[in-house]
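Below is one structure, written out as structure tokens, with a few remarks after it.
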Amino acid sequence: DVKVTQSSRYLVKRTGEKVFLECVQDMDHENMFWYRQDPGLGLRLIYFSYDVKMKEKGDIPEGYSVSREKKERFSLILESASTNQTSMYLCASSLIGRISGNTIYFGEGSWLTVV
Amino acid sequence: QKEVEQDPGPLSVPEGAIVSLNCTYSNSAFQYFMWYRQYSRKGPELLMYTYSSGNKEDGRFTAQVDKSSKYISLFIRDSQPSDSATYLCAMSRGGSNYKLTFGKGTLLTVNP
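These protein sequence lines are chains A and B, in that order. Sequential numbering from 65 applies to the first sequence in the working numbering. Sequential numbering from 91 applies to the second sequence in the working numbering.
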């Protein structure tokens, strides 16, 4: 089974703090993603990485950055947390492939509250 | 028009009912169609995926894709209280295109 592990399930941070959300996948997937999920807005893609040290902006990258130094690990960084970044953050990974159709697998989610 | 439309519900059914969940889409380039189940305060888990049009069955779950109508469905037979969750449809063009487009999810409650 694919396993995507997010290191922190629940975090409370103060406005202005730098926040790191860590994600590890164990299936040698090329692609990794960070989404946020908010009621009424669904899943929104923040950043995407298709290879080590490679990244692309998603739909809502403002206020976020990412790091992928190793294939299995993808980190989301909030440089200066703000209250509007209170959300559930989901890491995901996928294979590139015709059969899989880029089906992605999610972690359990990280609930971030910024106060 | 949004790329993927999904009725948010909520949908409430008695145990044992047949449940039908649906999504419509506008982009005819989509080829891969997925259904995810998400329990409260958990990440989405992949239920089924299908390629192009047709049906796919897995136990109590059947996924249908009608590309001519740009309409996909997930049927749950003999629904159980453990099926209570939010169901998300997702689709992609596949190949080197990484992006999945998600519906906003339908909240289903199966009452014992």
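Heads up, the beta-carbon is just placed ideally off N, CA and C, and yes, glycines get one too.
Test item: CB-CB of residue i and residue j under 8 Å
i, j, result
"Leu140/A", "Val130/A", "yes"
"Gln101/A", "Val68/A", "no"
"Met124/B", "Ala180/B", "yes"
"Met152/A", "Gly127/A", "no"
"Ser163/B", "Ser110/B", "yes"
"Tyr114/A", "Trp98/A", "no"
"Leu105/A", "Leu176/A", "no"
"Leu159/A", "His93/A", "yes"
"Tyr197/B", "Thr167/A", "Note that residue 197/B corresponds to Leu in the displayed sequence, not to Tyr. It is not a contact, given that the beta carbons lie outside the stated cut-off."
"Thr199/B", "Pro100/B", "yes"
Buried versus exposed, by CB contacts within 10 Å (16 or more), residue i
i, result
"Lys194/B", "buried"
"Ile108/B", "exposed"
"Phe84/A", "exposed"
"Pro202/B", "exposed"
"Ala145/A", "buried"
"Asp173/B", "buried"
"Pro103/A", "exposed"
"Arg132/A", "buried"
"Gly144/B", "exposed"
Closer than 9 Å at the beta carbon, the chain A residues around residue i
i, result
"Lys157/B", "Here the premise fails: no neighbours, minimum Cβ distance about 14 Å."
Chain A residues whose Cβ lies nearer than 7 Å to that of residue i
i, result
"Leu136/B", "Thr167 and Tyr169"
"Gly133/B", "Leu154, Phe170, Gly171, Glu172 and Gly173"
Proximal chain B residues relative to residue i, where beta-carbon distance stays under 7 Å
i, result
"Leu140/A", "Going along chain B, no residue has its Cβ under 7 Å from Leu140/A, so there is no contact; the nearest lies around 14 Å."
"Leu107/A", "Phe192"
ask   = Using a Cβ cut-off of 9 Å, which residues of the region 189-200 of chain B contact any Cβ in chain A, in chain order?
value = Lys189, Leu190, Phe192, Gly193, Lys194 and Gly195
* Asked: What are the residues of the region 139-152 of chain B that lie near chain A, defined by any Cβ-Cβ distance shorter than 7 Å?
  -> Tyr139 and Tyr141
Touch test, the region 120-132 of chain B against the region 176-186 of chain B, Cβ-Cβ under 8 Å, three pairs minimum
yes
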